[in-house]
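Colleague: The sequence shown maps to residues 1 to 367 in UniProt numbering.
Backbone N, C-alpha and C define an ideal beta-carbon position, used for all residues, glycine too.
After the structure tokens below, expect a handful of questions from me.
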Amino acid sequence: MFKPTVARQAVRALNRATRPAALAATPRQALANTFLRPLSTTAPRAQKDDKNAKAPEGTAEDQEGRYARTDETVKIEYPDDANMPRTPVVQGRGGMHFKRTLAQFSLENKVTLVTGGARGLGLVMSQAIVASGSDLAIVDLNKEEAEDQAKKLVEQFQKENPGLEELPNVTAHYADVANPDSVNNALADVISKHGRIDHLVTSAGFTENFDAISYPYDRMQKLWGVNVDGTYLFATGVAKHLMERKVPGSIVMIGSMSGAIVNVPQPQAPYNAAKAAVRHLASSLAVEWAGHDIRVNCISPGYMLTALTRKILDENPDLRDKWISLIPVGKMGVPEDLMGAVTFLLSDASKYITGADLRVDGGYTLT
Ligand SMILES: NC(=O)c1ccc[n+]([C@@H]2O[C@H](COP(=O)([O-])OP(=O)(O)OC[C@H]3O[C@@H](n4cnc5c(N)ncnc54)[C@H](O)[C@@H]3O)[C@@H](O)[C@H]2O)c1
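Have a look at this one:
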């Protein structure tokens, strides 16, 4: 079985140069330069001997635009599966409450399937879906963790809704989303446990960093297989099921801001292209299935602090500073920031919205 986290690389170096904000060519560069502490422990060549000296022509420090470029020396190390941090259940966000709100946001009497729901963003969105009234099927490569988290979601729901007799039905299922047979088996399994599927969220996905020239071809195919094929296979499988039942449904694909911009400094061309494909798949299928009352939308998160990204950035504070310096709101998002977005797009509150790309990125893609 493929382990997306195995054999990834170590952070060796980050941006080499610093540059006065006044010399920045764009507001984003100015912002980055103002807040960025030097990412290198080695002084830039031009500054080593003489602070006023200009960088020698033709060197990396001399190139205009270098702050907006990827740097192939930046390598991000991802933990292997055994050391993958677990996602804690969100506390105090759900439950019956007595604040007036629109009934349209409720997901009561729905069955929602979430791929990649055992961890990270998928798990937190799953919790929002359960809190909003839906039953839930978590589908993941890691069935054991999915089972454990399914139990925890119900326990948390019970804690937040004391006295409520009917508990949500939350189940866990295995699938490798990149494998058509595995996807079909999982869909059949979910339907046998829940009787039907009404909504889908595709969150299974991963990123990794190699410069394009050295990207191992088999890994690139795997990355596209999980991020693109996995989204396509689940979307078409659920849409077919909805069409057979002649009922409406809502599909939310988790893309990324990387589908619209190019992240710096870490190189990740195949991931960026995969997420652009996810975004446009949502638009294309929205049109194709509009006549069947099946809505398809995309959520494009920016940099989110999951258990995994938190671990990576704790180990690489320079990278965290660089990322944050490029976010207009000045901080990374948290998975809870997606709870309202996914509930909105699945629910009747967004009944006339299809083919949209909802960016939850703190303004990153605006500058
Ligand atoms: N975390 C971020 O900052 C961020 C930002 C933008 C977009 N995203 C996207 O959000 C989605 C979720 O990311 P995350 O940060 O929660 O990642 P994560 O690694 O924490 O969780 C991903 C989940 O998907 C599962 N998965 C991976 N490959 C699978 C496969 N082949 N079949 C079935 N399940 C599989 C994993 O087991 C895991 O439970 C991804 O599509 C990612 O690209 C994340």
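Leaving out the 5 sequence neighbours to the left and right, which residues in its chain are closer than 7 angstroms to V329 when beta-carbon positions are compared?
Modeller: Contacts found: G362, G363.
Colleague: Per DSSP, what kind of secondary structure is S250 in: helix, strand or coil?
Modeller: Here S250 sits in strand by DSSP.
Colleague: Report the CB separation of N209 from K99 in whole angstroms; it is logged as a contact under 8 angstroms.
Modeller: At roughly 43 angstroms, the Cβ-Cβ gap does not stay under 8 angstroms, so N209 and K99 are not in contact.
Colleague: Using a threshold of 8 angstroms, state whether the C-beta atoms of A204 and G116 are closer than that.
Modeller: A contact, by the Cβ cut-off of 8 angstroms.
Colleague: Identify, in the order they occur along the chain, each residue of the same chain with its Cβ nearer than 7 angstroms to the Cβ of V278, setting aside the five sequence neighbours on each side.
Modeller: For V278, where only same-chain residues beyond five positions count, the Cβ hits under 7 angstroms are N227, V228, T231, M253, G255, G259, C298.
Colleague: In angstroms, rounded to a whole number, what distance separates the CA positions of P27 and L319?
Modeller: Confidence in P27 is poor, its pLDDT being 45 and thus under 50, which makes the residue's placement too unreliable to answer from.
Colleague: Using a Cβ-based criterion (distance less than 7 angstroms to any ligand heavy atom), does I261 qualify as near ligand 1?
Modeller: Answer for I261: no, Cβ out of range of ligand 1.
Colleague: Buried or exposed, going by whether 16 or more other CB atoms sit within 10 Å of the CB of T367?
Modeller: With fewer than 16 Cβ atoms within 10 Å of its Cβ, T367 is classed as exposed.
Colleague: With distances taken Cα to Cα, identify the nearest neighbour of A282 among L345, L242, P265, Y271.
Modeller: If we check each option's Cα against that of A282, L345 comes out closest.
Colleague: Using three-state DSSP, classify L167 as helix, strand or coil.
Modeller: Three-state DSSP puts L167 in coil, outside helix and strand.
Colleague: If you drop the 5 nearest sequence neighbours on each side, which residues of the same chain put their C-beta closer than 7 angstroms to that of L233?
Modeller: Result list for L233: V177, P180, V183, in chain order.
Colleague: What's the gap between the Cα of S126 and the Cα of A175?
Modeller: Cα to Cα, the separation comes out at about 17 angstroms.
Colleague: Would you call the CB atoms of V139 and V114 closer than 8 angstroms?
Modeller: Yes, these two residues count as a Cβ contact at 8 angstroms.
Colleague: Going by C-alpha to C-alpha distance, which of P88, T70, R295 sits closest to R310?
Modeller: R310 has its Cα closest to that of P88, out of P88, T70, R295.
Colleague: Residue range of the alpha helix (DSSP H) that D348 falls in?
Modeller: D348 -> no alpha helix (DSSP H), and no H or E assigned at all.
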